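Using my numbering, you'd call the opening residue of the sequence shown number 1 and step up by one each time. Read through the structure below, which is laid out as structure tokens, and then see the notes.
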Amino acid sequence: MSRRWSIAGQLFALQVLVVTLLVVAGMVGAVLLARTDVRTAARERVLAVAEAVAHSPDVATALRSASPASRLQPYAEATRQATGTDFVVVMAPDRTRYSHPNPDRIGQPFVGEIGPALAGRAFTTVNVGTLGESVRAVAPVRDADGEVVGLVSVGITTEAINRKLLAQAPALLAATAAALALAAAGSWLLSRRLRRQTHGLGPAQITRMYEYYDAVLHSVREGLVVLTPDRRVALVNDEARRLLGLAGTSLAQDRRVTELGLPPAVTELIVSGRPAHDEPVIAGDRMLVANQRETTFHGRAAGTVLTLRDHTELRTLASELDSVRGLTEALQAQAHESANRLHTVLTMVELGRTEEAVRLATAELSLAQQLTDRVVGAVTEPALAALLLGKSARAGERGVDLTVDPGSRLDGHPLPIGDLLTVVGNLVDNALEAVAGTTPPRRVRVHLGATEAEVTVQVTDNGPGLDPSQVTEAFRRGWSTKSPGRGLGLALVGQVVARYGGTVEVTRPAEGGTLFSVRLPIPGRSTVPGQPADQGQAADQGQAAEPGDPTGPEQAAAAPEVGR
């Protein structure tokens with residue numbers, strides 16, 4: 001039933017009913033108005049005829065004759081036929097008729113009111129006489145002295161008036177039918193358009209769909225942005241507001257995407273309109289995975305749907321997992337290598353070359369212990385020290401000399417260990433990737449430092465160097481020199497830097513390669529009393545250290561803007 005009586009159908013039926021009532025009411029009003037007009041016209045007509053007959057000298061003369069009826073009857077009938085009235089009666093002041101359409105009524109008294117006429121005043125009235133109900137006029141006939149010597153009554157029966165009114169009925173009915181047809185056609189066109197827009201759904205179905213739609217949009221864990229074909233916002237659910245930093249913003253409908261202040265990567269993706277499948281985008285300090293596709297309805301473009309998932313924590317965990325996996329692989333490789341060297345030492349002992357075996361074992365242990373002592377002595381944080389040892393072992397397998405600057409020192413927990421692991425691990429991985437495939441020697445150098453106000457991380461490699469034009473893109477979109485969309489390490493570093501309000505400098509040392517310098521202010525502390533930490537750092541560098549500004553001509557590439 002709800003399907004049969006859709007909103008469009010109900011509106012059509014209601015409109016037809018209302019229009020029919022209005023047209024019928026108008027028709028009744030028109031009939032009553034026409035009836036009044038016909039009666040008014042009849043009154044004016046009979047009054048004019050009665051006064052004309054009463055003022056005729058022949059009538060006054062006939063009334064004074066010996067046989068008034070013989071002279072007045074032909075005159076009255078001729079007048080009646082000429083004027084189209086139903087009766088013309090000439091009578092004496094005592095009501096005696098001298099004329100009548102029915103000759104048998106001549107000589108009989110007139111039926112009806114004549115008082116005002118006897119007083120000398122013509123008038124009209126509606127009375128029932130021998131011919132039935134009629135609209136009549138009575139006028140006095142005066143002699144030369146002004147005395148009333150007779151009366152003239154002219155009338156039109158109500159039946160004749162009704163016949164005249166019915167003669168107008170076809171035109172009135174035709175106009176009514178035309179109005180109904182026009183109104184019905186308009187209502188049908190309107191209901192057809194409404195049916196197309198509501199897809200023939202009834203009120204109950206639309207209400208139920210709205211309730212489900214509202215509940216689903218507010219409960220899904222994915223951010224959802226629905227856009228019209230001209231890139232205007234049609235809908236943004238709660239999760240999308242949270243992920244895009246729109247929480248608390250009054251989002252008016254039908255606003256353009258460029259007016260919302262969305263993160264640049266998200267705005268670029270939406271404006272481009274290109275399909276996206278699990279594409280990583282940076283939104284402030286979040287790493288989002290976006291899916292975008294165009295939607296169609298019956299072959300017509302209906303807009304674009306963008307879904308967003310928060311992968312920030314997952315990316316961080318994946319980075320930490322990669323570090324642990326690398327450490328595990330390094331330990332396995334070291335165990336395998338240690339086993340080989342142990343067999344070598346045992347064989348040398350069996351061959352009686354004891355001194356050479358001792359020298360070999362001592363040298364290997366000294367190198368390993370020296371690396372461990374240097375890392376552990378410089379970094380007291382176990383997780384970070386383990387990360388650097390793992391990266392050192394992994395670099396050794398790849399033929400890269402990874403060293404920790406002897407001047408490095410990082411005590412305690414100045415910053416959350418997860419953020420430090422993200423910065424150090426991704427910068428080292430980026431450096432290892434940079435020197436991969438180059439001619440030996442391949443070197444990566446790590447320096448860690450901390451003051452009362454900030455933590456400094458510097459990673460240098462002797463690779464081909466990063467093109468200055470690629471620096472901003474590398475930090476902004478997780479760019480990779482291997483394949484677009486593959487690397488997210490620098491983007492994660494940029495997130496951490498933006499979160500702490502720090503700076504990143506990408507420079508080219510004199511000996512070649514690339515130097516990444518990251519400065520992370522320690523929350524609640526400043527470099528110079530009364531001066532924010534990042535300003536103090538910029539002053540120490542002697543050059544602009546604001547994200548996104550150039551840091552020098554040849555030696556420095558643009559420091560990327562890592563924040564929003």
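Cβ atoms here follow ideal geometry from the backbone N, Cα and C, with glycine treated the same way. None of these values were measured; they are calculated from a predicted model.
Which whole-angstrom value describes the C-beta separation of residue i and residue j, a residue pair presumed to lie in contact below a C-beta threshold of 8 Å?
i	j	result
Leu72	Val59	7 Å
Val152	Leu63	No, Val152 and Leu63 are not in contact; Cβ-Cβ is about 10 Å, not under 8 Å.
Leu637	Met27	No statement about residue 637 is possible, as the shown extent of the chain runs from 1 to 564 and does not include it.
Asp86	Ser134	6 Å
Ala566	Phe110	In the structure as shown, the chain begins at 1 and stops at 564. Residue 566 is therefore absent and cannot be evaluated.
Gly465	Arg508	6 Å
Val345	Lys391	Rounded, the Cβ-Cβ distance is 28 Å, inconsistent with contact.
What are the boundary residues of the alpha helix (DSSP H) that residue i is part of?
i	result
Gly418	417-435
Thr514	That residue, Thr514, is in no alpha helix (DSSP H); its beta strand (DSSP E) goes 514-521.
Leu387	382-397
Leu288	From DSSP, Leu288 is part of no alpha helix (DSSP H) but of the beta strand (DSSP E) over 286-297.
Ser153	Not the alpha helix (DSSP H): Ser153 falls in the beta strand (DSSP E), residues 148-157.
Leu492	489-500
Leu410	Run containing Leu410: none; DSSP gives neither H nor E here.
Leu63	57-63
Figure out for me which residue from the options has the closest Cα to the Cα of residue i.
i	options	result
Val400	Ala171, Gly390, Val435, Asp310	Val435
Val281	Met27, Leu490, Val504, Ser65	Leu490
Leu321	Gln495, Pro406, Gly418, Arg121	Gly418
Leu387	Thr328, His277, Ala181	Thr328
Val220	Val305, Leu189, Asn237	Asn237
Ala385	Gly437, Glu355, Leu420, Ala169	Leu420
Asp565	Lys391, Val90, Arg242	Outside the modelled stretch of the chain, which goes from 1 to 564, sits residue 565, for which no answer is possible.
Leu180	Leu21, Arg193, Ile522	Leu21
Ala92	Ser67, Pro103, Pro74, Pro101	Ser67
Glu159	Arg35, Thr422, Ala301	Arg35
Thr408	Glu381, Gly396, Thr422	Per the sequence shown, residue 408 should be read as Ser rather than Thr. Per the Cα distances, Glu381.
Ala431	Gly129, Arg398, Leu244	Arg398
Asp94	Val149, Pro101, Gly29, Thr40	Val149
Pro406	Glu452, His447, Gly425, Leu389	His447
Val423	Arg353, Glu356, Leu520	Leu520
Considering residue i, what are the terminal residues of the beta strand (DSSP E) in which it resides?
i	result
Thr228	Where Thr228 is concerned, there is no enclosing beta strand (DSSP E), given that its DSSP letter is neither H nor E.
Glu454	454-461
Thr304	300-310
Ile106	Run containing Ile106: none; DSSP gives neither H nor E here.
Gly129	123-129
Ala137	132-142
Asp278	276-283
Val446	443-450
Ala234	233-236
Thr503	503-507
Leu118	Careful: Leu118 lies outside any beta strand (DSSP E), inside the alpha helix (DSSP H) at 115-118.
Between the C-alpha atoms of residue i and residue j, what's the straight-line distance to the nearest angstrom?
i	j	result
Arg394	Arg442	13 Å
Gln15	Thr258	43 Å
Leu308	Ala240	7 Å
Leu360	Arg341	9 Å
Ala78	Gly84	10 Å
Gly273	Leu306	10 Å
Val19	Ala169	20 Å
Gln495	Arg286	7 Å
Ala13	Glu211	27 Å
Val24	Thr176	8 Å
Gly112	Asp37	24 Å
Gln531	Ile522	Per-residue confidence for Gln531 stands at a pLDDT of 44, beneath the threshold of 50, marking its modelled position as unreliable; the derived number appears in the next sentence. Near 14 Å, if we compare the C-alpha coordinates of Ile522 and Gln531.
Ala137	Gly9	57 Å
Val455	Thr403	19 Å
Thr296	Val493	39 Å
Tyr500	Val324	25 Å
Would the beta-carbon of residue i fall within 7 Å of that of residue j?
i	j	result
Leu269	Ala290	yes
Val31	Val88	no
Thr514	Asp467	no
Val497	Val504	yes
Ser191	Leu11	yes
Arg232	Arg256	yes
Val518	Val444	no
Glu51	Ala144	no
Thr228	Gly303	yes
Leu410	Val379	yes
Ile114	Ala42	no
Ser99	Ala82	no
Arg105	Thr130	yes
So with Cβ pairs under 7 Å, would you call residue i a contact of chain D?
i	result
Ala25	Here chain D cannot be found, since the structure has a single protein chain.
Can you tell me whether residue i sits near the ligand ATP, meaning its C-beta is under 6 Å from at least one heavy atom of the ligand?
i	result
Arg64	The ligand ATP is absent from the structure shown, which contains no ligand whatsoever.
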